[in-house]
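Visitor: Residue numbers (the working numbering): 52 to 357. To start, I am sharing the structure in question, which I have written as structure tokens.
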Amino acid sequence: MTSAAPDYGGLTGYEPISEADRKEFLDQGFLLVRNVLKEDHRAQLEAAMDRVYAEEQAAGSSSMKKDGTLHLLGFLNRDELFGHLLTQPTLFPYMWGLAGWNIYTHHNHLDITPPAAMTEAPSWGWHQDGYRQNSDPETMDPNLPRPMFSLKIAYVISDLSEQGRGATKVIPGSHLWNSLPRPADTTVENPDPEGTVEITANPGDCFIFDRRLWHSRSPNYSEITRKMLFIGYTYRWIRNLDDMPIDYDGEWWANRTPVQRQLLGEATHTANYWGINWNGYIDEEIPLRKELKTRGLLDRSIPWLR
52 MTSAAPDYGG
62 LTGYEPISEA
72 DRKEFLDQGF
82 LLVRNVLKED
92 HRAQLEAAMD
102 RVYAEEQAAG
112 SSSMKKDGTL
122 HLLGFLNRDE
132 LFGHLLTQPT
142 LFPYMWGLAG
152 WNIYTHHNHL
162 DITPPAAMTE
172 APSWGWHQDG
182 YRQNSDPETM
192 DPNLPRPMFS
202 LKIAYVISDL
212 SEQGRGATKV
222 IPGSHLWNSL
232 PRPADTTVEN
242 PDPEGTVEIT
252 ANPGDCFIFD
262 RRLWHSRSPN
272 YSEITRKMLF
282 IGYTYRWIRN
292 LDDMPIDYDG
302 EWWANRTPVQ
312 RQLLGEATHT
322 ANYWGINWNG
332 YIDEEIPLRK
342 ELKTRGLLDR
352 SIPWLR
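What follows is the structure, given as structure tokens:
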């Protein structure tokens, strides 16, 4: 596999997002973006996923369930193509445009879900991402939403254009809710909450969502294997969630750009994670900030782009 990034016709990943897209994300908590992967790129990603799946299966991986479902954390260093996704030019503008320059990936996973062999037992899978981020900074005012803290890109690699193929279900606008009513008995079949939408999408589409958005997996009762790649981005002063050991002497790391290395957790010292030097002033050499500043993309009217 070549180390060169896939060609997207001159796109750099630093083309600002529209105000309409920003408003839709802030209002709805998610954004469906069509045709973000060219077909040859998508097909190469799928081939890489299939290779990783075979490797995990052969190794008897604990990430693989008995039914053949694979949920693999920290997958980015398993292929060059995965590393390039960190700054995918058709999507990276949404990451720095919605979260700013002091970010990195704390959580990423590769998901392959074969068709279900039998009907799943009833369950209640609705949740917000973030675990203790939903409790530790909690306010006693139920009308005051918790902070976003992170957002996630979901790349659709297989065909999820019809319902019933294991797509993600969401409740638009629910990122501003601190709670969601839970049925008294989750051992029986319960209807989805009012307003639920199943995100149907074509191969090569993606959706971006606020971690606070109430969402749930759905069963795959189709004949198509669901394949998706998720990359989460958060602030560098938040600890990583996944264990993703990197060989810093290896070729994969050598091929990463300065911005990608920042996104993988590199820093010059501990204060650097907080965006500053030890003198208390902003570190202008942080790669993504430096890139945005050079391109005139910092904006004091947007807090995370100051």
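Think of the CB as a built atom: it goes at the ideal place given N, C-alpha and C, for glycine as much as any other residue.
DSSP puts residue 89 in a beta bridge; with which residues?
Guide: Stepping through the sequence shown from its first residue, residue 89 is reached at position 38. In the DSSP output, where bridge partners are listed per residue, residue 89 has none listed.
Visitor: Mind checking residue 110: buried by the 16 CB within 10 Å criterion, or exposed?
Guide: Position 59 of the sequence shown, counting from 1, holds the residue named residue 110. Label assigned to residue 110: exposed.
Visitor: Rounded to whole angstroms, how far is the Cβ of residue 265 from the Cβ of residue 177, which I believe are closer than 8 Å?
Guide: One-based indexing of the sequence shown puts residue 265 at position 214. One-based indexing of the sequence shown puts residue 177 at position 126. Yes, they are in contact, since the Cβ atoms of residue 265 and residue 177 sit about 6 Å apart, within 8 Å.
Visitor: Do you know offhand how far residue 106's Cα is from residue 191's?
Guide: The residue labelled residue 106 in the question sits at position 55 within the sequence shown. The residue labelled residue 191 in the question sits at position 140 within the sequence shown. The straight-line gap from Cα to Cα measures roughly 47 Å.
Visitor: Is the region 128–140 close to the region 303–310, with three or more CB pairs under 8 Å?
Guide: Touching, yes.
Visitor: Just the Cα atoms here: how many angstroms apart are residue 140 and residue 63?
Guide: Here residue 140 is taken as the residue at index 89 of the sequence shown, counted from 1. Here residue 63 is taken as the residue at index 12 of the sequence shown, counted from 1. Residue 140 and residue 63: Cα-Cα distance of roughly 5 Å.
Visitor: Would the region 311–322 count as touching the region 242–258 if we require 3 or more Cβ pairs under 8 Å?
Guide: Output reads no: the region 242–258 does not touch the region 311–322.
Visitor: If I'm right that residue 204 touches residue 289 with Cβ under 8 Å, what's the distance once you round it to whole angstroms?
Guide: For the purposes of this step, residue 204 is identified with residue 153 of the sequence shown, where counting begins at 1. For the purposes of this step, residue 289 is identified with residue 238 of the sequence shown, where counting begins at 1. Contact doesn't hold; Cβ gap of about 17 Å is too wide.
Visitor: Name the DSSP beta bridge partners of residue 258, please?
Guide: Translated into positions along the sequence shown, residue 258 becomes position 207. According to DSSP, which records beta bridges pairwise, residue 258 is partnered with 83 and 205.
Visitor: Under the rule that 16 or more other beta-carbon atoms within 10 Å means buried, what is residue 121, buried or exposed?
Guide: Numbered from 1 along the sequence shown, position 70 holds the residue referred to as residue 121. It counts as buried.
Visitor: Whole angstroms are fine: how far does the CA of residue 179 sit from the CA of residue 261?
Guide: Numbered from its first residue, the sequence shown carries residue 261 at position 210. Numbered from its first residue, the sequence shown carries residue 179 at position 128. Answer to the nearest angstrom: the Cα atoms are 9 Å apart.
Visitor: Under the DSSP definition of a beta bridge, which residues are partnered with residue 159?
Guide: If you number the sequence shown from 1, residue 159 lands on position 108. 282.
Visitor: Compute the distance between the beta-carbons of residue 364 and residue 220, then report whether it is under 7 Å.
Guide: Limits of the chain in this structure are 52 at one end and 357 at the other, which puts residue 364 out of reach.
Visitor: Roughly how many whole angstroms lie between the Cα atoms of residue 342 and residue 356?
Guide: Working through the sequence shown from its first residue, we reach residue 342 at position 291. Working through the sequence shown from its first residue, we reach residue 356 at position 305. Roughly 12 Å between the two C-alpha positions.
Visitor: Which residues mark the beginning and the end of the alpha helix (DSSP H) in which residue 178 is found?
Guide: Within the sequence shown, residue 178 is the residue found at index 127, counting from 1. Taken as a continuous stretch (DSSP letters only), residue 178 belongs to no alpha helix (DSSP H), as it is neither H nor E.
Visitor: For residue 252, which beta-bridge partners are listed by DSSP?
Guide: Within the sequence shown, the letter at position 201 stands for residue 252. Beta-bridge pairing links residue 252 to 211.
Visitor: What do you reckon, are the CB atoms on residue 253 and residue 217 nearer than 7 Å?
Guide: As a position in the sequence shown, residue 253 is number 202, starting the count at 1. As a position in the sequence shown, residue 217 is number 166, starting the count at 1. Cβ atoms of residue 253 and residue 217: not closer than 7 Å.
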